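Residue numbers (the working numbering), protein chains in the order written: chain L, 7 to 739; chain P, 7 to 739.
Take a look at the structure below.
Now the structure itself:
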């Protein structure tokens, strides 16, 4: 049943590629919508936009299409903006909602101006429809000379138009809103003259007050924890409204933060969404309300991936991880729902990877990639963070591998070029990156000193992988000159990494080099990445496992963010059992502290309210942070062991590993289908609705398969090619 | 009396520099307003935006100010956009309209988001006021680390804030509208079942219909000529409205081009302004109106410059030139009022120069310079035209010379750099510019073949002057590295010009070189510019005068645009009498054809309606085109002979030349005052209210002065230093 639903859904999506849809200039709607979303952050009633450049859509865009009609055809036209229509270069009167195209070959252009929201069009005719076959440009360069002759526009840069599932004339992109649904509190109690309301778990949305009347102020203090909600002085978010009588019979309600006033109705809904589990409400004596509830605001996601095993704690970790992802997946993948509510590249790449094993929501991945990249000129690193620039590159190729969407790579490639030009303009004489004034060298939030000076091995490893990504994407984009150029740059840098950073004393990559001299400190970061980027010899990898990864004297990682990569490195080294233990300790630890979603940072040695503090503020920490949800990814990619080998899962790898569990089962979504896998200590069942790939596993004795031929590899390793959509059952020991 | 008025006006303007005013990011309001204006072009009821990139303001801007208060102070805050206030890095609740600043030293930041119109603020306190001392940035890069420590923002690029005379909280920049005043027709007559209305001269504004009622359509055809208004099929602009009954008593009027519907009132005003002298109105039988009038829309300008002489035709030419300038000076200096209504760099530089001798409206010069430059990245030449890019550079330095406003040069310099980087990225192996695909090499509209291939001498001359301008502006902006760099590039190119283009056979610069080989054609363009840029020896200049400028076999110039430079070159060679004759022939010729404003192009050999045609359209030509008004400039700069020698007229030159006139008198405005000059064949009277400068003149006998000392120069030339504000009278013969 579930399968059928997916097939219907995806057939519908395929159809849409040839059906009319709202179209716009690639990235423009995403940047505009991103501004709307990023600007919803507040801090104690203050509007809190981000500190990097906020871009704008192109305000004037031309949409064009070559048509060839057997018969005249009437088209319906809906436009966001002021527009004109040109047929074969001739401007037509006014801004018609219907227009008849003559038979034959013609060029049709619609040019739209819109400062406030992105220029977008929707065209619907019998055969002529706005879709991905239309071209767009922000500068058509078409002029006519004195004699009326039109210019040569061969240098005009046209892009394929972009769209995003707005398939009705009546649902233009700028009207997009996340849906809401009512949600009730699980308890209300009087505390210190106010009322504390508990919604039972971390949630997100708009508080509603029923029967609000009288005269006076109502204060609403939000908390991800009870402590935060009750702390009127230090809670991170709050609302304050004033109820006033404008006349004997009409009550007016003003939001004091936004100065918006509305007439009172039976239910007053706060005008900005917040993240919380608790709200604490105090009010003046002259004002009253009868009930408090909320509208839960969410991105409708289809949870296509799943994971279950014999260990209930792991199952709970997976579930809370999935819920954390649901809350942080919105118009875009954001970091945390209480505080930043912004898109951050380092956070986003992890969300994308988790998403591929959970929702497989490719639109939101693309939206976030566009938004994070923004417009040219590049004036700072992505989110101002050097490492985040590199993660942005990596995320583009990941997207291609999971989805096979080469069209997107072609569209975004020009912005990859300009971002890489920015990076290359900031390298030192060794061709390496060092933090320059205004660059934020982030690495991680660490409970210990992290040197950010000189050439960090971590940054060079990411830079090298980014150059490799440029070469790969240049190839997908059909730019062979760039491919060769970036292959060479990547090879140059890669050849320098080990000589520059490997320490035979430490048997590891050192943290950094200053003025060409290795510093003695070793940290986990570059070592982890070098392992799963495969930048090391087998021997070096094994050395790192002991000298760094399993060495407690190396500065510990206390963010789920870097745990993500740390555990990925351990998985890449086959240390699944250690990873299972870490998951149960670390994520299980958060659950034991009462987490209903995963946190921004967790130090098991913290006590009580220490868990809530960060950034020098008692409740500064986000208790629902996307990067907290990594088990969703690890369990899919390294336990079920499924990942794409060729773009879009046309070939996949399945290398399941129980990691000490008795059994596990799960589903990994693919672009048009899914791969189901069950494994216990004797049996593997796999069923792939698309693609083909090897199931690789270890067996002490000779395994058997219900179908196909098992090949023996080195040692105890075996593999069998899974083709077709039938379930294959393998017995092993 | 007139003088007193100016002094009061300018004192008020000086005061404003220290008074509160709306402030914004430099160039942003100008770009936004420019889009509004450029997008008012229509062609036969179709919206007609331009074909180059339309930029946007920065949508998120931070305004900051370091304050030091003796006592606490309440400020009033008006903002265009959603905003926050930070005091010493701490966000304040909400978006307050009043805020109390504590005594002492503090940093005050206001961060504003506005997608639809430019972020702008107005702050008014006893001592704290929004003014030019505030800094602005689009990317403050201020982040806090895990511990709450704020980042080093020393790499943040702050700019001085910009303003433009919006000095009341209640008049925000985005609400700016040009004023209107009622204007009546001079005649109405029935023609072919419709009505032809004549407003007596070229004008601009909104047609009004009085007593519009009934049911049916009304068509309004606009014409700069009677022929155009009466030609329903080919007139360039038109309106069509539908009057309908929504109910028995309420009439609704719809503009069919814009789809806007309004309830009928006694007077219906068309919603888009048009340029015309005539309108021709036809209507359905069921609809009626009682009267037609208009609202004249204009930029209020103070006509500070003047010119009068004994020749009435020259006086009429000056008056019609001034009126042409009044019509084309709007939010920005536009080309023509009927058709493009756009800012074009080559047109604008001439408007600026005329303006310095007429209105001395420096705000509109700056606005137009900002708009033409737009935002980075540069994706094409200015208006897509190579020559127009160069004129843009030249106009910036002109502005500095006439106004002395070094603050503006400092503000705009970064955009000069990026535009020059674009040009330098498109030079050939000789370091010269050649048209590449997508570049429009314009030169001029010519009634003959103009080769646009290879290295045009005209483009290299402009390029060379642009490099010199970069060096000069780098110096003003305090960028010594750039100054040296551009001085070197300019010198390199200049050294190549004569060897590359001078032909000893033709005694002139040839038109172009292809693959390093001189082509035989000679045109006027580069020769004219090389004369007044002083790129030639005296001998070469004299050769050019005869071989090109006064040589009828060289392709004639038929646009007032290039006549501007042609006559400037003749003036620079002292050929004023020839220029006087040309003015009377050419501009006088337009007047004799009935011109009430000057035209885009005029070929004296055209007959009748041929004068109206251009671009392959019968009424394509603009009959009110800014570049038509050049006598206003020539008479001020080369007849009254007054121009700045040092920035802002701190030193001026006065070298009057009657050019065959019996007497002349006039006023040339300066930043804070004016220079008045009268001259007849025996007497020169001069009075400068600011600055000092030499009056230079020719006299056969020894001249006498009422004040000061006359020095003798070479030949019959004399000069006298004019200092102080008293009138000086010189007798000469």
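Don't be surprised by glycine CBs; every beta carbon is placed ideally from N, CA and C.
Quantities reported herein were computed from a predicted structural model and do not represent experimental measurements.
C-beta neighbour in chain P for residue 90 (chain L), strict 7 Å: Here residue 90 (chain L) corresponds to residue number 84 of the first chain, with the count starting at 1. Interface residue, yes.
Cα-Cα separation between residue 314 (chain P) and residue 665 (chain P), rounded to whole angstroms: Working through the second chain from its first residue, we reach residue 314 (chain P) at position 308. Working through the second chain from its first residue, we reach residue 665 (chain P) at position 659. Looking at the two C-alpha atoms, the distance is approximately 14 Å.
6 Å CB neighbourhood of residue 288 (chain P) in its chain, flanking five on each side removed: Counting from 1 along the second chain, the entry for residue 288 (chain P) is found at position 282. These residues qualify, in order along the chain: 200 and 225.
Where the region 136 to 154 of chain P meets chain L: residues whose CB sits under 7 Å from a CB there: 144, 145, 146, 147, 148, 149, 150, 152, 153 and 154
7 Å Cβ cutoff, residue 516 (chain L) in contact with chain P: Mapped onto the first chain, residue 516 (chain L) falls at position 510. By this cut-off, residue 516 (chain L) is not an interface position.
Cβ-based neighbour list, residue 607 (chain L), same chain, cut-off 7 Å, excluding 5 preceding and 5 following: One-based indexing of the first chain puts residue 607 (chain L) at position 601. Excluding positions up to five away in sequence, the list reads 451, 564, 565, 620 and 627.
Contacts around residue 190 (chain P), its chain only, beta-carbon distance under 7 Å, and the 5 residues preceding and following it disregarded: Walking along the second chain from the start, residue 190 (chain P) turns up at place 184. Closer than 7 Å at Cβ, skipping near neighbours: 299.
Member of L:283, L:358 and L:399 whose CA lies at the smallest distance from the CA of residue 371 (chain L): Start at 1 with the first residue of the first chain, and residue 371 (chain L) comes out as number 365. For residue 371 (chain L), the nearest C-alpha among the options comes from L:358.
Secondary structure of residue 119 (chain P), DSSP reduced to three states: Along the second chain, read from residue 1 onward, the residue named residue 119 (chain P) stands at position 113. It is a strand residue.
Distance, residue 431 (chain P) Cα to residue 561 (chain P) Cα: Here the question's residue 561 (chain P) lines up with position 555 in the second chain. Here the question's residue 431 (chain P) lines up with position 425 in the second chain. The straight-line gap from Cα to Cα measures roughly 33 Å.
C-beta neighbour in chain L for residue 65 (chain P), strict 7 Å: In the second chain, counting from the first residue as 1, residue 65 (chain P) sits at position 59. So yes, residue 65 (chain P) belongs to the interface.
Residue 466 (chain P), buried or exposed, once every other Cβ within 10 Å from all chains shown has been counted against 16: Within the second chain, the letter at position 460 stands for residue 466 (chain P). Result: buried.
Within 7 Å, strictly: CB atoms of residue 446 (chain L) and residue 388 (chain L): Position 440 of the first chain, counted from the start, is the residue given in the question as residue 446 (chain L). Position 382 of the first chain, counted from the start, is the residue given in the question as residue 388 (chain L). No.
Neighbour list for residue 451 (chain P) in chain L, Cβ cutoff strictly below 7 Å: On the second chain, residue 451 (chain P) is found 445 positions in, with the first residue counted as 1. By Cβ distance, chain L contributes 152.
Spatially closest choice to residue 554 (chain L) from L:675, L:517 and L:521, by CA coordinates: To locate residue 554 (chain L), count along the first chain from 1; it is residue 548. Selected option, being the one with the closest Cα: L:517.
Any 3 or more C-beta pairs closer than 8 Å across the region 670 to 677 of chain L and the region 716 to 723 of chain L: no
Which listed residue (L:344, L:335 and L:345) has its alpha carbon closest to that of residue 355 (chain L): Taking the first residue of the first chain as position 1, residue 355 (chain L) is located at position 349. Measuring from the Cα of residue 355 (chain L), the nearest candidate turns out to be L:335.
Bridge partners - residue 204 (chain P), DSSP secondary structure assignment: Locating residue 204 (chain P) in the second chain gives position 198, counting from the first residue. Residue 204 (chain P) pairs with P:193 and P:284.
Beta-carbon proximity check, residue 602 (chain L) vs residue 59 (chain L), cutoff 7 Å: On the first chain, position 596 is the one that residue 602 (chain L) refers to. On the first chain, position 53 is the one that residue 59 (chain L) refers to. No. Outside cutoff.
Separation of residue 458 (chain P) from residue 513 (chain P), as counted between CA atoms: Reading the second chain from its first residue, position 507 is the one you call residue 513 (chain P). Reading the second chain from its first residue, position 452 is the one you call residue 458 (chain P). Computed Cα separation, rounded: 22 Å.
Chain L contact residues for residue 60 (chain P), given Cβ-Cβ distances below 8 Å: Counting from 1 along the second chain, the entry for residue 60 (chain P) is found at position 54. Those within 8 Å of residue 60 (chain P) in chain L are 64, 65, 66, 119 and 144.
Chain-ordered neighbours of residue 49 (chain L) on chain P, where CB pairs are closer than 7 Å: Here residue 49 (chain L) is taken as the residue at index 43 of the first chain, counted from 1. Residues of chain P passing the Cβ test: 97.
Sub-7 Å separation of residue 479 (chain P) and residue 499 (chain P) beta-carbons: One-based indexing of the second chain puts residue 479 (chain P) at position 473. One-based indexing of the second chain puts residue 499 (chain P) at position 493. No, these two residues do not count as a Cβ contact at 7 Å.
Beta-carbon gap between residue 129 (chain P) and residue 83 (chain P) smaller than 7 Å: The residue you call residue 129 (chain P) lines up with position 123 of the second chain. The residue you call residue 83 (chain P) lines up with position 77 of the second chain. Result yes, Cβ atoms of residue 129 (chain P) and residue 83 (chain P) sit closer than 7 Å.
Beta-bridge pairing of residue 605 (chain L) - partner residues as DSSP gives them: Indexing the first chain from 1 puts residue 605 (chain L) at position 599. DSSP output for residue 605 (chain L) lists no bridge partner at all.
Amino acids of chain L, ordered along the chain, whose beta-carbon sits closer than 8 Å to that of residue 55 (chain P): Sequence index remark: in the second chain, residue 55 (chain P) carries index 49 (1-based). Chain L residues near residue 55 (chain P): 66, 90, 117 and 119.
Bridge partner(s) assigned by DSSP for residue 700 (chain L): On the first chain, position 694 is the one that residue 700 (chain L) refers to. Per DSSP, L:659 and L:727.
Residue 338 (chain P), DSSP secondary structure in three states: Residue 338 (chain P) sits at position 332 when you count from the first residue of the second chain. Three-state result, residue 338 (chain P): coil.
8 Å CB neighbourhood of residue 291 (chain L) in its chain, flanking five on each side removed: Start at 1 with the first residue of the first chain, and residue 291 (chain L) comes out as number 285. Hits under 8 Å: 222.
Contacts that residue 161 (chain P) makes with chain L (C-beta to C-beta distance below 9 Å): Working through the second chain from its first residue, we reach residue 161 (chain P) at position 155. What residue 161 (chain P) touches in chain L: 386, 442, 443, 444 and 445.
Nearest residue (CA-CA) to residue 274 (chain L), options L:506, L:650, L:374 and L:212: Residue numbering aside, residue 274 (chain L) sits at position 268 when the first chain is read from its first letter. Selected option, being the one with the closest Cα: L:212.
Where the region 608 to 641 of chain L meets chain B: residues whose CB sits under 9 Å from a CB there: The question asks about chain B, but that chain is absent: this structure's protein chains are L and P.
Residue 261 (chain L) vs residue 247 (chain L) beta-carbon contact at 7 Å: For the purposes of this step, residue 261 (chain L) is taken as the residue at position 255 of the first chain. For the purposes of this step, residue 247 (chain L) is taken as the residue at position 241 of the first chain. It is a contact, given that the beta carbons lie within the stated cut-off.
Given 8 Å, three or more beta-carbon pairs between the region 231 to 239 of chain L and the region 319 to 332 of chain L: no
C-beta contact flag for residue 303 (chain P) and residue 448 (chain P) at 7 Å: Locating residue 303 (chain P) in the second chain gives position 297, where the first residue counts as 1. Locating residue 448 (chain P) in the second chain gives position 442, where the first residue counts as 1. It is not a contact, given that the beta carbons lie outside the stated cut-off.
Residue environment, residue 367 (chain L), which counts as buried when at least 16 other CB atoms sit within 10 Å: Counting from one through the first chain, the residue named residue 367 (chain L) turns up at place 361. It counts as buried.
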